[in-house]
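Protein chains in written order, with the working numbering: chain A, 1 to 159; chain B, 1001 to 1159. Glycine residues also receive a C-beta, built at the ideal position from the N, C-alpha and C atoms. None of the values given here were measured: they were computed from a predicted structure. See structure below.
2 protein chains.
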Amino acid sequence: MIRDAAPADVEQLLRLIRELAEFERALDAVEATEEDLREALFCSDSKVFALVAEEAGAVVGMAIYFLSFSTWTGRHGLYLEDLFVVPEHRSRGVGRELVTALAVRAVQLGCSRVEWAVLDWNEAAISFYEALGAQAMGDWTTFRLSGPSLAALGGRPDS
Amino acid sequence: MIRDAAPADVEQLLRLIRELAEFERALDAVEATEEDLREALFCSDSKVFALVAEEAGAVVGMAIYFLSFSTWTGRHGLYLEDLFVVPEHRSRGVGRELVTALAVRAVQLGCSRVEWAVLDWNEAAISFYEALGAQAMGDWTTFRLSGPSLAALGGRPDS
């Protein structure tokens, strides 16, 4: 069953985030706390959302997403920040159900696209996404300003 | 002068969006109308925002952005969808001022990162961003579901 995440899912969502980061060889990079997720996902003016796949009362998969915007189409899109299905529940269509639920939501919201980023060595994910009809945007590279570089350019806030 | 865009800027913003798309060899892809931009940027619950660079009453540059989210840091980021400075006003620091203003905003909002995508052949942009301290996320590829593929997976909305 795919449904919107609820505040009671936060502990399990963080567990899945940590499992995904471990798979991506970046577990050390996870600083997020349950409090961070609760605030971001369930505040009154939330800008980030989560779908969960539930089986027998347990969260076995998740899709965390936010709204993007395309200046070309003049319409919003959905950006899939994290997609994860716990290993014991793979190969049973849960991932496909999560992406399909997100695509349905995108169409309902009038969005022009759903996008996400994949690690180049994650061949299983790439095959899965291509089978869904997704296209690699191979001629674009993402740049990031973070940590000391962001602090140097953005300074420290006054308040 | 860098300031938040106002509804009266919409015509000039669309002109800049079209100029950027032309530079990116994709002018045909611009379907956005002034009405689309006005609604997206200035509705009461806007999810996309714009900074403009103004000189002598004319908009000579823009940065269009929205809020992203990092599950690793548990914090929002800013995603720079479009950065553009009109050719006649380049090499005078306008682009740097726009990105700096965005970095300041990111720090003020407690964001962990500012990200954007660059076309691989746009060497001038890549040099500019690297000089600002940005890092290429070279091991990630963006995938996109749009057009017929999105419609096939997401179906048609009931309402």
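Check Arg-38(A) in the structure and name its three-state DSSP category.
-> helix
Does the separation of the CB atoms of Leu-145(A) and Leu-1020(B) fall below 8 Å?
-> no
Which value, in whole angstroms, describes the spacing of the CA atoms of Ser-1149(B) and Leu-102(A)?
-> 13 Å
Report the neighbours of Ser-1044(B) on chain A: residues whose CB is nearer than 9 Å to its CB, in chain order.
-> Those do not exist, as Ser-1044(B) stays about 11 Å from chain A at its closest Cβ, beyond 9 Å.
Euclidean distance between Cα positions of Ala-151(A) and Val-1118(B) = 22 Å
Between Leu-37(A) and Leu-16(A), is the Cβ-Cβ spacing less than 8 Å?
-> no
Interface flag, Arg-144(A) vs chain B, CB-CB below 8 Å | yes
Kindly provide the ranges of any beta strand (DSSP E) runs that are 3 or more residues long and lie completely inside the region 36–102 of chain A, ordered along the chain.
-> 49–55, 58–70, 75–85
For Gly-1093(B), which of Ala-1053(B), Ser-1068(B), Arg-1075(B) has the nearest alpha-carbon?
-> Ala-1053(B)
Where DSSP assigns a beta bridge to Ile-1002(B), which residues make up the other side?
-> Ala-1053(B)
Closest by CA to Asp-1082(B), which one among Phe-84(A), Phe-69(A), Asp-139(A)?
-> Phe-69(A)
Which first and last residues belong to the beta strand (DSSP E) in which Val-114(A) is found?
-> 113–119
Same chain, Cβ closer than 8 Å to Gly-77(A), neighbours up to 5 away in sequence not counted = Leu-67, Ser-68, Phe-69, Ser-70, Ala-106, Cys-111, Ser-112, Arg-113, Val-114, Glu-115
Interface residues of chain A facing Ile-1064(B) [CB-CB closer than 8 Å] = Phe-69, Thr-71
One or two residues paired with Gln-135(A) in a DSSP bridge = Arg-1144(B)
What is the DSSP secondary structure of Leu-109(A), counted as helix, strand or coil?
-> coil
Short CB-CB distance (under 8 Å) between Asp-1120(B) and chain A = yes
If you draw a straight line from the alpha carbon of Val-1048(B) to that of Leu-1041(B), how long is it in whole angstroms?
-> 6 Å
Beta-carbon separation (whole angstroms), Phe-143(A) vs Met-1137(B), contact threshold 8 Å = 7 Å
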